[in-house]
Amino acid sequence: MSKIAILNANPPQEALKRWGSFADMAIEMFEATKASFLNSTVEYEVYNVYEKDFPTVLELCNGDYLGLHITGSTSDAYAIDIEWVNILRKLLQNLLKNGAHPPISGICFGHQILASALGSEVRRNPKGYEGGITRLEITKEALKLGLFQNSTSPLPSCEFYASESHSDFVKNVPHGYINTLTSKKCDVQGLYKRNVALTFQCHPDFISEVCIKCNEGTYSRGEINADELAHMKESGRQRNNDGRFFATYIWMLFTNVL
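In C-alpha cells:
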C-alpha cells in the first residue's frame, strides 16, 4: 500500500468544521486528484505537529512513503518562540541533508516553513493580507520546465487562479530552487526542485468556499476592511479555482514524474 505522511500544522477551526481539519482537506485534495497517477489505495498517516507529534527522520526515510505533505497553519513559519515550529524547521533541515527522504510538498505555512528551513527570509508581508481567488502568473523558469501546462491546449498556460489566505511571505528563493508562480502581492508563490520539493503559497486544498470563510475570519479580526472582503467574495463567485490542477503536480512529484 502507498503511504503519504501529512504533517498537520493547525488545530481544527470551528468556522471550517464542515470541511474538517487541514489534514482532512489535504486528504480530500489528494483523493480527488490521484486517479491519473495511482490505482491503488493510499494510506495517509497524519501527524499533528502543532501538538509536537512528529515522525522521526529514520521513519520518513525508510522507503515506505511516496511523499511528505505539510499543511497550512495560522502560526508564523518564522517564529522562534513556538517550540513545535522550531522542531519542524529542524526536522526539515535534517531531512534535506538525507538523500533518501521522500519528496516534500507544502501549502502556505508549509511553503514558508520549508523556505525557512532552507535559509530564506520569511516575514510579514508589507503589502498586507492576500485573500480570495487570486490571479497567479507562471514564472519564466517554471514555463521553461513545462510546469503547470494544460496538455490539451496548443498555447502555453501562463495565468491561474487559486485560493489565498496569508499575511506572511517568502522574501527570497533558496539556493537550488526556482520560483514557480507570482502574484500582485507576493513575488514568491511557489518553490520547486526536481524530485525534492514542490510548494505553493496558495491553497490547492481549499475549495473556494473554504477560502472565503478564511477571508471572513480575517475580516472579523480587523485585518482587512469591508471593501476588501467584498472583493474577495466576488472573486470566489466569478473565478474558477485551479487548486485541484495544482494538486496533480504534487502527485507528479510524489510519483517521480516531476
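For the sequence shown, UniProt numbering assigns the number 1 to the initial residue and increments by one for each residue that follows.
Positions of the beta carbon are idealized from the N, C-alpha and C atoms, including for glycine.
Taking the beta carbon of residue i as the centre, do at least 16 other beta carbons fall within 10 Å, making it buried, or is it exposed?
{"i": "T134", "result": "buried"}
{"i": "S40", "result": "exposed"}
{"i": "V257", "result": "exposed"}
{"i": "Q238", "result": "exposed"}
{"i": "P103", "result": "buried"}
{"i": "E234", "result": "exposed"}
So, at 7 Å on beta carbons, what are the nonlocal neighbours of residue i in its own chain, with the 5 sequence-adjacent residues on each side left out?
{"i": "A26", "result": "I6, H69, T71, D205"}
{"i": "G176", "result": "K193"}
{"i": "S116", "result": "A77, Y78, R89, V122"}
Which same chain residues, not among the five before or five after residue i, have their C-beta less than 6 Å away from its C-beta?
{"i": "Y44", "result": "I4, I6, I27"}
{"i": "I80", "result": "none"}
{"i": "I224", "result": "Y129, T218"}
Is the beta carbon of residue i less than 9 Å from the beta carbon of residue j?
{"i": "G131", "j": "A9", "result": "no"}
{"i": "I107", "j": "F200", "result": "yes"}
{"i": "F54", "j": "Y47", "result": "yes"}
{"i": "I250", "j": "L198", "result": "yes"}
{"i": "G119", "j": "P174", "result": "yes"}
According to DSSP, is residue i helix, strand or coil?
{"i": "E164", "result": "strand"}
{"i": "T199", "result": "strand"}
{"i": "L145", "result": "coil"}
{"i": "A230", "result": "helix"}
{"i": "H69", "result": "strand"}
{"i": "R237", "result": "helix"}
{"i": "F245", "result": "helix"}
{"i": "S2", "result": "strand"}
For residue i, I'd like the list of residues in its chain whose CB is within less than 8 Å of its CB, leaving aside the five on either flank, ordered along the chain.
{"i": "V57", "result": "L91, N94, L95, N98, H101"}
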